[in-house]
Amino acid sequence: MHPVMPPMTRGHYRVYVAQAREEIAEAQTLRGLAFGSGGVDSDGYDASCAHVLVREMQTGTLVCCFRMLLLEDGRDVSRSYSAQFYELSALQSFSGRMVEMGRFCIHPDWHDPDILRLAWGAMTAFVDANRIDMLFGCSSFAGTETDNYLDAFAMLKARHLAPKRWWPRIKAAEVFRYAARLRRKPDLKKAMSGMPPLLRTYLSMGGWVSDHAVVDRQMNTLHVFTGVEISAIPPARKRLLRAVAQ
């Protein structure tokens, strides 16, 4: 199935799916810059994904990018990037189309909040155009020190753990089992300040997470598996996202 997403122009920005090899290379360079690797960030999943680009039109600068891997249903979940780190056999029974969103990044020199809003509008258009029923991916915290994010993890445990029917199990060699280990009541202000913006958006859409975080030393991140069932997104949130997408 070839993914569909009409290009969008909003204000100073244009959002579209990369068509040329050079555009994908540009996204890989931006990923390297944003993730601090100092080079080009690429892997074997890039060839199977649609790469969504947000470009500032006046300067031509690529300011944001992410990739989308389309799966016909849960039987294909083992093909995903996330399946390297999480045991996802529970999701194999999911009957609808799924899309894995990954390698989301914004240019470190650009801080316009419209960039994130427009990226999510594009994601909404992508989900609608391809009749997606579940959005999922790995949501990353910067660094590998868990002490920096204990309130955030405590809040995830208290409010946002995955439904038992889709429960992601442990597969990675090094994990932080925060749901089993933490007994603290979260400080909500500290929790939200420590929560990555991408994960905050997932949670506002009714998203849920794994009960453990993977310690990814190669990417220098902690990440949690995150899922959003499209049918569970609050109606008011759907209206806001679609208003950007239209």
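Taking our numbering, the leading residue of the sequence shown gets 251, the next gets one more, and so forth. C-beta atoms are modelled at their ideal positions from N, C-alpha and C, and glycine is treated no differently. Note that the structure is a prediction, hence the values are computed from the model and not measured.
query	result
Out of Asp359, Phe316, Ala463 and Trp416, point me to the one whose CA is closest to Ser292's CA.	Phe316
Is it buried or exposed for Gln278, if we count other Cβ within 10 angstroms and need 16 for buried?	buried
The alpha helix (DSSP H) that contains Asp364, what's its start and end?	Pro363 to Ala379
What are the start and end residues of each continuous beta strand (DSSP E) run of 3 or more residues lying completely inside the stretch 272 to 321, in chain order?	300 to 306 and 312 to 321
Pairing CB atoms from the stretch 453 to 460 with CB atoms from the stretch 473 to 484, are three or more of them under 8 Å?	yes
If you drop the 5 nearest sequence neighbours on each side, which residues of the same chain put their C-beta closer than 8 Å to that of Trp370?	Thr451, Leu491 and Val494
Could you round the C-beta distance between Met469 and Phe285 to whole angstroms and report it? I think they count as a contact, below 8 Å.	7 Å
Specify whether the stretch 352 to 361 and the stretch 394 to 410 touch according to this definition: at least 3 beta carbon pairs, one from each stretch, less than 8 Å apart.	no
Please state whether the Cβ-Cβ distance between Leu312 and Glu337 is less than 8 Å.	no
Considering only their Cβ atoms, is the gap separating Arg415 from Ala340 smaller than 8 Å?	yes
I'd like the span of the alpha helix (DSSP H) that includes Phe403, first residue to last.	Leu400 to Arg409
Measure the alpha-carbon distance for Ala270 versus Gly444 and round it to whole angstroms.	37 Å
Just tell me which of Thr374, Asp323, Met348 and Gly294 has its CA closest to the CA of Met384.	Met348
Counting only runs of 3+ residues fully inside the stretch 415 to 453, write out the beta strand (DSSP E) ranges in chain order.	none
Since Glu273 contacts Leu303 with CB under 8 Å, what's their CB separation in whole angstroms?	6 Å
Near Ser481, which residues of its chain fall below 8 Å by C-beta distance, leaving aside the five closest residues on each side in sequence?	Asp383
Expressed to the nearest angstrom, what Euclidean distance is found between the alpha-carbon atoms of Asp296 and Ser330?	11 Å
Under a Cβ-count criterion, where at least 16 other Cβ atoms within 10 Å of its own Cβ denotes burial, should Thr309 be classed as buried or exposed?	exposed
Would you call His462 buried or exposed, if buried means 16 or more other Cβ atoms sit within 10 Å of its Cβ?	buried
For Asp401, count neighbouring C-beta atoms within 10 Å of its own C-beta (all shown protein chains included) and say buried if the count is 16 or more, exposed if not.	buried
Is DSSP giving Leu338 helix, strand or coil here?	coil
Would you tell me roughly how many angstroms separate the C-alpha atoms of Asp359 and Phe376, rounded to the nearest one?	26 Å
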